[in-house]
Each structure stands twice: as C-alpha cells, then as structure tokens.
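Structure, as structure tokens:
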Amino acid sequence: MDEWHDPVRPQPVKVDVNHLILTGTLLWVVALVVLLAVPSLHQDGRGWWPWVPVFGVVLGVVAWLYVRRGRGNATAA
Numbered sequence: 002m003d004e005w006h007d008p009v010r011p012q013p014v015k016v017d018v019n020h021l022i023l024t025g026t027l028l029w030v031v032a033l034v035v036l037l038a039v040p041s042l043h044q045d046g047r048g049w050w051p052w053v054p055v056f057g058v059v060l061g062v063v064a065w066l067y068v069r070r071g072r073g074n075a076t077a078a
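Structure follows, in structure tokens:
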C-alpha cells in the first residue's frame, strides 16, 4: 500500500493520572486563593466566581479518590 493510506499509529503515552489530577486540583486551589485575596474579583455581580474553583477542587478530590480506588485505572481493562 501507499504510505499515505497506511498511517503509523503512535504508541499510547503513559501518564501518571494521580499526579495529573492532583496538579489540576492544586491549580483550582490557587485560583480560589487568588479570587478570595482580590476582593474586586468576587464583588459587583461576580459573587458566584469563587464557587467555580470550589467545585473544581471538589471534583478533583472525587476524581482522585475514584482513581485511587482503582476504578479509573485503564491497565486492568
């Protein structure tokens, strides 16, 4: 076959999912601290802004617990 019609499939990249989830959760914590430290970011109709990183942290913790229990691990599939 022609090389244009037979693409080479790359190997899957191994990723430490726990590290990825914890890094994302830490970034949400930093966003929450910044939002709470700068009052103008959560005043004047933007009172809901701090809730966004709060839910990001909550979802990150839930995801970390899910993966830690082994249910989010694709190696067993």
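As numbered in my numbering, residues 2 to 78 make up the sequence shown, in order. Virtual Cβ for every residue (Gly too), placed ideally from N, Cα, C. Quick caveat: nothing in here was measured; it's all calculated off a predicted structure.
Is the stretch 55-71 in contact with the stretch 26-35, if contact means three or more CB pairs nearer than 8 Å?
yes
With a 10 Å radius around its C-beta and 16 neighbouring C-beta atoms as the bar for buried, classify Pro54 as buried or exposed.
Working through the sequence shown from its first residue, we reach residue 54 at position 53. By the neighbour-count rule (16 or more Cβ atoms within 10 Å), Pro54 is buried.
Between which two residues does the alpha helix (DSSP H) harbouring Pro1 extend?
Nothing about residue 1 can be read from this structure; the chain reaches only from 2 to 78.
Tell me, to the nearest whole angstrom, how far the beta carbon of Leu33 is from that of Leu42; I am working on the premise that it is less than 8 Å.
Taking the first residue of the sequence shown as 1, we reach residue 33 at position 32. Taking the first residue of the sequence shown as 1, we reach residue 42 at position 41. That pair is no contact at about 11 Å.
Quick one: grab the DSSP three-state call for Trp49.
For this step, residue 49 is matched to residue 48 along the sequence shown. Correct three-state label for Trp49: coil.
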